[in-house]
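Residue numbers (the numbering used here), protein chains in the order written: chain A, 810 to 1102; chain B, 62 to 379.
In this text, a Cβ means the ideal position worked out from N, Cα and C, and glycines have one as well.
One structure is given here, and the rest of the page talks about it.
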Amino acid sequence: MHKILIVYDGECAFCRRSVAEFRRRDPHDQFVYLPRQTPGLDERYPQLSIGDFETGMRVIEPDGRMHIGSDAIYQIVSRLPYFRRIACMYHLPVFHSLTRRLYGWVARNRMKLSRFCDGDGACKINAEVARGEVSSLTDPPRKLGENQLMISVLILLVIGLHPAANMARAINRSSVLSSRAWPFMAYGMYRQSFSPGPITTTKRHIVGLTAGGEEVEISAATVGLFGSQGFSRFYLGPILGGDLMARQRLADRVNLGREDPVIGLRVETEVYTISDVGIKEQKGESLMFPVRD
Amino acid sequence: MTRWIDSWNAYWFPETTALRLSVCRIIVVSAQLFLFFPSLDRQLSFLRPFKGFIEPQLLIVGISAILPHDVFPTTSAFLTIYWVTVASGITTLLGLATRPSAFIFALGNWILVAHAYSYGEYHHPEGILCIFLLVLAFAPSGRCLSVDAMIRRLFSRSRDKSEWGCSERLTTAMWPLKLTQVLLVFAYVSTGLAKVVYGGLQWVNGYTLQQYIFSSSVKREIGIGMWLAQQHILCVWLSVGVVLFEVSFLMALIFPRTVPYFLLGGILLHGGIYLFEGSTFLQFIVLYAVFIDFDRVLSWVRRLVVFPVNEKLPSEVR
């Protein structure tokens, strides 16, 4: 025998599905597939009696070497077209360890996983295969997108990440999961309420004063930001709070490529209020901040 | 346990045609390509002359960790990503090599949007739509109304050439639509509950909505918004309506007959937000397509075309 032998659990629908996938992706027909339940298998391959078959699939090479579990999967995948390059990651320590653990979990729970197989016949106990007839599995192989188990995992993952983002923000507003795991974000915009009273809003903008006496309007776009949210969080708000580093960071960005550098920042304020006669606009106090103290 | 699994399968994997999914593919991909596609100029403006992210999204952090800095993030990288994404969007729209095209289109959009949100600012409108684009790659969205279906038909050995794949029944054609429905419900309900929990009854006192509309309309100089912000009684009713709409949106999942009313409410809500505040959540309106039963719409259209309104239906049909 020159082909590589794969020995799998014939009573496990999940295992039969896996074998069908290998068969489908192996255009060179490199493997022979035998269920563990094949009569006389132990006599033909004595090495199969080593260890507990519950630990996983067996792969036996023509020279008699046997691989078990995740090592067996590696031997198979590394011989399949398009998967060879991915398979080499198995040699990386972290990936190797994770793969072995994942395979161990799958092997222990393969019967439970088999229940997620759909009902088109691919996952029913195939008595002929279980008796050991080496025949091609007649169930049509299914694409990843038609594998209901994998889809269910994907659904749970996508749905689960959304409340996770909300909870993360509730626990810690600056948590990574609440604002940096786009598109899984906390939804709770406009949740703050306001007490009865005058409706007022403030518009602020920054004007840069250069060494040559020129005035430069500084906005989010000037410093390469997307919109006002980031500009307020990283520059306007901290500058109003007296943050010297924020002033210097802003000036450094504005002065990039400028011959006449900005040396001072003036924050101008306009206050708008809804009154009985309409909207009133008032100039607020202008605040001056030198770029460097 | 078996009963739970059966219920799960019955909800997420009912046997349906691929028509609804394919129509949604066409609508959403068209909208993303022609209305909401990230601006190339903006993507490149982030890269020059300033370098360095500000609170980058995890996706961008991951890509930056894998690729060398002279490859990503660079102008040539984003030019490549941009045009590959556009091309894959067109092939996804046409339904040519639909699954890989949809995957590349989704991935490209994820990278472009995440990049834009890696400079100290992030918003919500694109999130669910981009998730929908990604799940299209794992579903048979090209099984119908696509070049793939046309090719399959040409090479089909079946004597019946009238099949375009739209009447083939599948168990995996509904779950992307259901997933998007659930995500939309989650977005609305969590937003509404946040208002109730954090703001309490004060949220519907009228002053709260006036404050939000006034702040946005003044910042963006929207005259009609500034007008609405002065209408206190109207804002009281609108704020009650907003909270009720958001908190009760779950009913659209439980009672399908209420869907048209919620969709209408949503269009009014997002249209109003855009008109009065200038904030665009138009992506949500596009996603309402996942609630529409296009199988039924098509049968209505067929009946109207074959049997115009003035004619009575043959008794066999009735």
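Please name the residue in the options whose C-alpha comes closest to that of residue i.
i	options	result
residue 189 of chain B	A:1046, A:957, A:967, A:1038	A:967
residue 868 of chain A	A:892, A:905, A:839, A:890	A:839
residue 355 of chain B	B:334, B:235, B:249	B:235
residue 278 of chain B	B:311, B:357, B:339	B:339
residue 1014 of chain A	A:876, A:1029, A:815	A:1029
residue 1050 of chain A	A:1091, A:1026, A:1097	A:1097
residue 80 of chain B	B:107, B:160, B:231, B:133	B:231
residue 112 of chain B	B:101, B:133, B:94, B:99	B:133
residue 1101 of chain A	A:830, A:1072, A:978, A:1031	A:1072
residue 996 of chain A	A:1005, A:1021, A:970	A:970
residue 856 of chain A	A:872, A:842, A:841	A:872
residue 1089 of chain A	A:849, A:851, A:1010, A:1060	A:1010
residue 21 of chain B	B:136, B:319, B:174	Because residue 21 of chain B is not part of the residues shown, which for chain B are 62 to 379, the question remains open.
residue 1079 of chain A	A:1095, A:1068, A:864	A:1095
residue 1026 of chain A	A:1064, A:851, A:1047	A:1064
residue 1083 of chain A	B:286, B:250, B:106	B:286
residue 196 of chain B	B:228, B:142, B:315, B:237	B:237
residue 816 of chain A	A:863, A:892, A:1086	A:863
residue 239 of chain B	B:75, B:102, B:105	B:75
residue 845 of chain A	A:814, A:998, A:901, A:906	A:814
residue 964 of chain A	B:192, B:330, B:229	B:192
residue 282 of chain B	A:1012, A:1041, A:1035, A:1053	A:1012
residue 169 of chain B	B:345, B:145, B:114, B:178	B:145
residue 296 of chain B	B:284, B:325, B:266	B:266
residue 97 of chain B	B:291, B:147, B:308, B:357	B:147
Using 10 angstroms around the beta-carbon of residue i, count the other beta-carbons present and answer buried if the total reaches 16, otherwise exposed.
i	result
residue 72 of chain B	exposed
residue 256 of chain B	buried
residue 209 of chain B	buried
residue 136 of chain B	exposed
residue 171 of chain B	buried
residue 904 of chain A	exposed
residue 890 of chain A	exposed
residue 818 of chain A	buried
residue 187 of chain B	buried
residue 1017 of chain A	buried
residue 942 of chain A	Low per-residue confidence applies at residue 942 of chain A: pLDDT is 39, beneath 50, and the placement is therefore not dependable enough to give any value.
residue 1099 of chain A	exposed
residue 853 of chain A	exposed
residue 63 of chain B	exposed
residue 912 of chain A	buried
residue 264 of chain B	buried
residue 305 of chain B	exposed
Does residue i come out as helix, strand or coil in the three-state DSSP assignment?
i	result
residue 863 of chain A	helix
residue 1058 of chain A	helix
residue 830 of chain A	helix
residue 1079 of chain A	strand
residue 1000 of chain A	coil
residue 1006 of chain A	coil
residue 157 of chain B	coil
residue 142 of chain B	helix
residue 123 of chain B	helix
residue 1013 of chain A	strand
residue 1089 of chain A	strand
residue 1028 of chain A	coil
residue 185 of chain B	coil
residue 841 of chain A	strand
residue 928 of chain A	Only weak support is given to the placement of residue 928 of chain A: the predicted model assigns it a pLDDT of 41, under 50, and the value that follows is read from those uncertain coordinates. Correct three-state label for residue 928 of chain A: coil.
residue 1084 of chain A	strand
residue 90 of chain B	helix
residue 115 of chain B	strand
residue 824 of chain A	helix
residue 134 of chain B	coil
residue 816 of chain A	strand
residue 776 of chain A	Limits of chain A in this structure are 810 at one end and 1102 at the other, which puts residue 776 of chain A out of reach.
residue 353 of chain B	coil
Thinking residue i and residue j are a contact (beta carbons under 8 Å), I'd like their distance in whole angstroms, please.
i	j	result
residue 1033 of chain A	residue 181 of chain B	About 10 Å; that fails the 8 Å criterion.
residue 343 of chain B	residue 335 of chain B	7 Å
residue 1056 of chain A	residue 1074 of chain A	6 Å
residue 154 of chain B	residue 91 of chain B	6 Å
residue 784 of chain A	residue 65 of chain B	Residue 784 of chain A is absent from the structure shown; chain A starts at 810 and stops at 1102.
residue 249 of chain B	residue 316 of chain B	Actually they do not touch by this definition, with Cβ atoms about 15 Å apart.
residue 156 of chain B	residue 94 of chain B	In fact, because the Cβ distance is near 14 Å, the residues do not count as touching under 8 Å.
*What residue ranges within the region 222–309 of chain B form continuous alpha helix (DSSP H) runs of no fewer than 4 residues, ordered along the chain?*
With a minimum length of 4 residues, the unbroken runs of alpha helix (DSSP H) contained wholly in the region 222–309 of chain B fall at 236–255, 268–281, 284–289, 293–309.
*asked:* Could you tell me which whole beta strand (DSSP E) segments of length 3 or greater appear in the region 846–924 of chain A?
replied: Runs of the beta strand (DSSP E) inside the region 846–924 of chain A: 867–869, 875–877.
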